[in-house]
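Residue numbers (my numbering): -14 to 172. Quick reminder that beta carbons are idealized off the backbone N, C-alpha and C, glycines included. What follows is one structure encoded as structure tokens, with my remarks underneath.
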């Protein structure tokens, strides 16, 4: 398998992160709420029996985000760099859980909320995809509101609006690339 296909496969797996997050949230022993509870709370041992899975997901999907950007063919060099920054931030977030390294966690998790929404907007713009551009705009606004602390009771919702659209768009792009590669090799 060539590097471009590996990159596409890494991008195609990104929506699975959302599935993992939802499964860990469903197993939380506390009254975890997708709207008010932050994603990072799923990585806290006292709040979630799936904390190891969640922190592992941050690392695994961060690595695949980086590999997808480096090996794949993002339509914009700036978007490629931002996807890598987002992936590295995700990896670092999983390695510095909120409960064991709170200051480090806040420092290393912030870049994903800056890089990923902008990367999504730039990717959508380069592809001339109205849907990806709109999702990028939603992500940027949600990220700004979250980072500025303007709606603390909606922290979980804002984080998800900031990040999930990127995972979904990358999944679609990865599947499209894989489909085109399969059609080319079959033809």
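Practice item. Report the residue from 150, 55, 106, 25 whose alpha carbon sits nearest the alpha carbon of residue 86. Key: Translated into positions along the chain shown, residue 86 becomes position 101. Of the listed residues, the one whose Cα sits closest to residue 86 is 25.
**Study point:** Where residue 35 falls: helix, strand or coil (DSSP)
**Key:** In the chain shown, counting from the first residue as 1, residue 35 sits at position 50. Coil, per DSSP.
Check your understanding: What are the complete alpha helix (DSSP H) segments, minimum 4 residues, inside the region 81 to 122?
Key -> 87 to 112
**Study point:** C-beta atoms of residue 125 and residue 150 nearer than 8 Å
**Key:** Translated into the one-based positions of the chain shown, residue 125 becomes position 140. Translated into the one-based positions of the chain shown, residue 150 becomes position 165. Not in contact: residue 125 and residue 150 (Cβ atoms no closer than 8 Å).
Check your understanding: Between the C-alpha atoms of residue 29 and residue 157, what's the straight-line distance to the nearest angstrom?
Key -> In the chain shown, the residue the question calls residue 29 occupies position 44. In the chain shown, the residue the question calls residue 157 occupies position 172. For residue 29 and residue 157, the distance between alpha carbons rounds to 31 Å.
Point to revise | Contact check, residue 120 vs residue 154, beta carbons under 8 Å | key: For the purposes of this step, residue 120 is identified with residue 135 of the chain shown, where counting begins at 1. For the purposes of this step, residue 154 is identified with residue 169 of the chain shown, where counting begins at 1. For residue 120 and residue 154, yes; Cβs fall inside 8 Å.
**Study point:** Assigned exposure category for residue 16 - 16 Cβ within 10 Å defines buried
**Key:** For the purposes of this step, residue 16 is taken as residue 31 along the chain shown, with counting starting at 1. Counting Cβ neighbours within 10 Å, residue 16 comes out exposed, since fewer than 16 surround it.
**Study point:** Top-ranked residue by Cα proximity to residue 146, from 115, 129, 113, 35
**Key:** Walking along the chain shown from the start, residue 146 turns up at place 161. With distances taken between Cα atoms, residue 146 lies closest to 129.
**Study point:** C-alpha distance - residue 58 paired with residue -11, whole-angstrom precision
**Key:** Against the chain shown, residue 58 aligns to sequence position 73. Against the chain shown, residue -11 aligns to sequence position 4. Near 7 Å, if we compare the C-alpha coordinates of residue -11 and residue 58.
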